[in-house]
Amino acid sequence: MTDWNAEAQRLDAADPLAPHRGEFLLDDAVAYLDGNSLGALPKATPARIGGVVQEEWGKGLISSWNTANWIDLPQRIGAKIAPLVGAQGNEVVVADSVSINLFKLISAALAMQKGRKVVLSEPGNFPTDLYMIEGLEAQGLAERRLADRASIEDALDDDVALLLLTHVHYKSGAMFDMARLTQAAHDAGALVLWDLSHSVGAVPVDLNGAGADFAVGCGYKYLNGGPGAPAFAFVAERHHASLRQPLSGWMGHAKPFEFSDDYKPAPGVDQLLCGTAPIISMSALNVGVELMAGIGIEALVSKSRAMSEFTRKAMAELVPELPCISPDDPQARGSQLSFRHDHAYELCQALIARRVIGDFRAPDILRLGFAPAYVRFADCWRAVSELRDLLDSGEWTRPQYAERAAVT
Ligand SMILES: *Cc1c(COP(=O)(O)O)cnc(C)c1O
Numbered sequence: 128m129t130d131w132n133a134e135a136q137r138l139d140a141a142d143p144l145a146p147h148r149g150e151f152l153l154d155d156a157v158a159y160l161d162g163n164s165l166g167a168l169p170k171a172t173p174a175r176i177g178g179v180v181q182e183e184w185g186k187g188l189i190s191s192w193n194t195a196n197w198i199d200l201p202q203r204i205g206a207k208i209a210p211l212v213g214a215q216g217n218e219v220v221v222a223d224s225v226s227i228n229l230f231k232l233i234s235a236a237l238a239m240q241k242g243r244k245v246v247l248s249e250p251g252n253f254p255t256d257l258y259m260i261e262g263l264e265a266q267g268l269a270e271r272r273l274a275d276r277a278s279i280e281d282a283l284d285d286d287v288a289l290l291l292l293t294h295v296h297y298k299s300g301a302m303f304d305m306a307r308l309t310q311a312a313h314d315a316g317a318l319v320l321w322d323l324s325h326s327v328g329a330v331p332v333d334l335n336g337a338g339a340d341f342a343v344g345c346g347y348k349y350l351n352g353g354p355g356a357p358a359f360a361f362v363a364e365r366h367h368a369s370l371r372q373p374l375s376g377w378m379g380h381a382k383p384f385e386f387s388d389d390y391k392p393a394p395g396v397d398q399l400l401c402g403t404a405p406i407i408s409m410s411a412l413n414v415g416v417e418l419m420a421g422i423g424i425e426a427l428v429s430k431s432r433a434m435s436e437f438t439r440k441a442m443a444e445l446v447p448e449l450p451c452i453s454p455d456d457p458q459a460r461g462s463q464l465s466f467r468h469d470h471a472y473e474l475c476q477a478l479i480a481r482r483v484i485g486d487f488r489a490p491d492i493l494r495l496g497f498a499p500a501y502v503r504f505a506d507c508w509r510a511v512s513e514l515r516d517l518l519d520s521g522e523w524t525r526p527q528y529a530e531r532a533a534v535t
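Residue 452 in my numbering is what sits at position 325 of the sequence shown, and the numbering runs on without skipping anything.
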């Protein structure tokens, strides 16, 4: 039998990313395995926000739109995200939430596809993706069609305008082959929009290599931008000239400070801006993105895979009561593992009481995420050993662990 504890110590000692943990405000007594839901706080963020508030806003006042370059912060952060997702700097912009960017890009895709209205996705996709299609359907602009992941290619017929998929599934961790599905959609005359919320900063993404048309992604997960951080959007350069999105706010105008009565869209991804950017939130996201871009996606991916493999194997050997529903092949999954148990909720709460933070996804999934910038192999080991102990002791059956909070 493997000595998993010793193995975790050996892997931590040899981990080239270990020093980066010190760049985050984390309690060493806590095993934080939920960075896929809310990334940790970079230590540099409070000072950066303090500077933006006290110096740029407080002293610079309105001149900071120019002197501190607030005005192009959405593009500057977008250009730093670009190499993490295989895009050019001019193809990514930071704005709004993932949900709102989905609305803009689904609409833009439909407008490019005369005579086709179907937006194809999979049942069980992240809810907001499905709901945003429904919203457009209610306006008569879209028709939602869902096909199981195994039959997506068969469902791509002449009516499909857009294929909208989440690259790494939030619940199972399963990852789509982006290049293959993008090609299949294009062969059927459809465009493709990828939701990279569970991908960016944790798995290899090559949007341009795959020929993707559009993408959106989340700022508060692996990018460590803080709760409710702004999201990003990608539009391939070849679509810039024909891009038309319906939220025609003044910040997406070609010349917002001419205050013209008539809307004229800005060229390229700048058009995806709608209202004024939340500069304080953007500044926090900027710190998180700089940190991840500084580490580089290859090192992040390789540590992510090593951690999830360590955990998958240790769980299979020591905690067989919780079968793993994520793919066995590390190249076919994201930076998380999902385990099934009838009492996953209670187990998750009991783990949290022991300061191992994972999360629960209804109805029966315990999810452990491995944010490679700061999670230690020792944290992975703690999750496994505490789960074993909770099951052996029956401690998870205490009534307090069955009480449901508003956010799970
Ligand atoms: C987290 C997440 C979102 C978040 O959407 P917001 O509108 O920014 O809250 C969207 N899609 C997926 C797949 C996610 O995992």
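Where a beta carbon is used, it is the ideal one built from N, C-alpha and C, also for glycine.
Check                                                                                                  : Outcome
Residue 487 Cβ short of 6 Å to ligand 1 heavy atom set                                                 : no
Helix, strand or coil at residue 535 according to DSSP, with G and I counted as helix                  : coil
Euclidean distance between Cα positions of residue 328 and residue 350                                 : 6 Å
Among 156, 128, 167, nearest to residue 496 - alpha-carbon criterion                                   : 167
Residue 293 beta carbon near ligand 1 (any heavy atom closer than 6 Å)                                 : yes
Selection from 222, 197, 472 that minimises the alpha carbon distance to residue 182                   : 197
Straight-line Cα distance separating residue 409 from residue 401                                      : 15 Å
Complete runs of the alpha helix (DSSP H) confined to the region 232-288 [at least 4 residues]         : 254-265, 279-282
Three-way DSSP call (helix, strand, coil) for residue 344 in this model                                : strand
Of the residues 413, 406, 371, 212, the one placed nearest residue 393, counting alpha carbons only    : 371
Cutoff 8 Å; reference residue 455; Cβ partners in own chain excluding five residues on either side     : 439
Whole-angstrom distance between residue 234 and residue 489, CA atom to CA atom                        : 30 Å
Any non-hydrogen atom of ligand 3 within 6 Å of residue 358 CB                                         : As far as ligands go, the structure on display features ligand 1 and does not contain ligand 3.
Residue from 220, 150, 435, 294 with nearest C-alpha to residue 414                                    : 150
Helix, strand or coil at residue 470 [DSSP, three-state]                                               : coil
Proximity winner among 319, 418, 299, relative to residue 171 (alpha-carbon distances)                 : 418
From 173, 345, 137, residue whose alpha carbon lies closest to that of residue 163                     : 345
Residue 476 to residue 528 span [Cα, whole Å]                                                          : 5 Å
Inter-residue Cα distance where the pair is residue 311 and residue 461                                : 22 Å
beta-carbon residue 224 near ligand 1 non-hydrogen atom, thresh 6 Å                                    : yes
Buried or exposed by the 16-neighbour rule on C-beta atoms within 10 Å, applied to residue 457         : buried
Contacting residues, own chain, Cβ-Cβ under 6 Å from residue 290 (five flanking each side not counted) : 247, 312, 317, 319
Closer than 6 Å: residue 78 CB and nearest ligand 1 heavy atom                                         : Nothing about residue 78 can be read from this structure; the chain reaches only from 128 to 535.
The alpha helix (DSSP H) enclosing residue 421, as first and last residue numbers                      : 406-422
Three-state secondary structure assigned by DSSP to residue 137                                        : helix
Contact check, residue 430 vs residue 211, beta carbons under 7 Å                                      : no
Residue 460 - DSSP class collapsed to helix/strand/coil                                                : strand
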